[in-house]
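Novice: Quick one: structure below, then a few questions.
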Amino acid sequence: MYANIRPFLELCVMARGPQDLPASPSWLVIAAAGYFAVGAAIAWPLYPPGLALLSAGVDVALLFGIAAGLLAWRGYTVRWLQTALALAGSGFLMGVVALPIVFSLYRAILTGSEATFSALAYWVLVGWIIAIYGYIFTQALSLKSRWSGLGVALGYFVVSWIVMQLLFPQGQLASGQ
Numbered sequence: 010m011y012a013n014i015r016p017f018l019e020l021c022v023m024a025r026g027p028q029d030l031p032a033s034p035s036w037l038v039i040a041a042a043g044y045f046a047v048g049a050a051i052a053w054p055l056y057p058p059g060l061a062l063l064s065a066g067v068d069v070a071l072l073f074g075i076a077a078g079l080l081a082w083r084g085y086t087v088r089w090l091q092t093a094l095a096l097a098g099s100g101f102l103m104g105v106v107a108l109p110i111v112f113s114l115y116r117a118i119l120t121g122s123e124a125t126f127s128a129l130a131y132w133v134l135v136g137w138i139i140a141i142y143g144y145i146f147t148q149a150l151s152l153k154s155r156w157s158g159l160g161v162a163l164g165y166f167v168v169s170w171i172v173m174q175l176l177f178p179q180g181q182l183a184s185g186q
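Here is the structure:
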């Protein structure tokens, strides 16, 4: 099992690039399913079940669609499979790490307690995933600067956040409705 996860762990510490991953449609399906499941789990307390699943699906579509658009814009459509696998796989792993932190924040909101450590940990993880996606985009788009990749990743997160907020206005925690 570790041998299957190791390439994604190495990607998350920027020791491996998307080009080092297999161009495997079956691995992409597995990574996308994991990314979808983590996204649904994070959204579940905020939305009714159907809406949580829909928001996770839209998130996957945005991730893959924006990556495809950027790769097409740069003329690297042949890199889509490995890029999508890298984004979904690293997003899944970071989502798994984020789950207890996000649920700690949800619990703090419901109980009205302080969540300073959880909030700080959450923002560190957000910065880390932006750095990972920036690294992936730098490699996949053959950008000359890591700063350019970070800019692309930050742009992706801003666009994704805006679309998600438009389609799924901020939900309330299920117990807080």
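Counting from 10, one number per residue, gives the positions in the sequence shown under the working numbering. Where is the CB? At the ideal position from N, CA and C, for every residue including glycine.
#1: For the 8 Å Cβ check, are there 3 or more pairs between the stretch 37 to 53 and the stretch 118 to 132?
#2: Can you name, in chain order, every residue of its own chain whose Cβ lies under 8 Å from the Cβ of Ser33, other than the five neighbours on each side?
#3: Note down the Cα distance separating Tyr3 from Trp156, rounded to an integer number of angstroms.
#4: Can you give me the Cβ contacts of Trp53 inside the same chain, cut-off strictly under 7 Å, excluding the 5 residues immediately before and after it?
#5: Assign Gly74 to buried or exposed, taking buried as 16 or more other Cβ atoms, counted over all protein chains shown, within 10 Å of its Cβ.
#6: Identify which residue in Ala12, Leu176, Met10, Pro27 has its Cα closest to the Cα of Gly100.
#7: Under 7 Å between the Cβ atoms of Ile110 and Ala140?
#8: Evaluate Pro31 with the Cβ neighbour count: other Cβ atoms within 10 Å of its Cβ, from every protein chain shown; 16 or more gives buried, anything less gives exposed.
#9: Along the alpha helix (DSSP H) that carries Phe73, what are the first and last residues, could you check?
#10: Between Ala76 and Leu96, which are expected to be in contact by the criterion C-beta below 8 Å, what is the C-beta distance as a whole number of angstroms?
#11: Do Gly143 and Gly158 have their C-beta atoms within less than 7 Å of each other?
#12: Can you check whether the CB of Gly78 is closer than 7 Å to the CB of Ala65?
#13: Whole angstroms is fine: what's the gap from Ser151's alpha carbon to Ala117's?
#14: Rounded to whole angstroms, what is the Cα-Cα separation between Tyr35 and Trp132?
Specialist: So, from the listed chains and residues:
#1: no
#2: Leu90, Leu94
#3: Since the displayed the chain opens at 10 and closes at 186, residue 3 lies outside it and no answer follows.
#4: Ala61
#5: exposed
#6: Pro27
#7: no
#8: exposed
#9: 58 to 83
#10: 6 Å
#11: yes
#12: no
#13: 42 Å
#14: As written in the sequence, residue 35 is Ser, which differs from the Tyr given in the question. So the two alpha carbons sit approximately 32 Å from each other.
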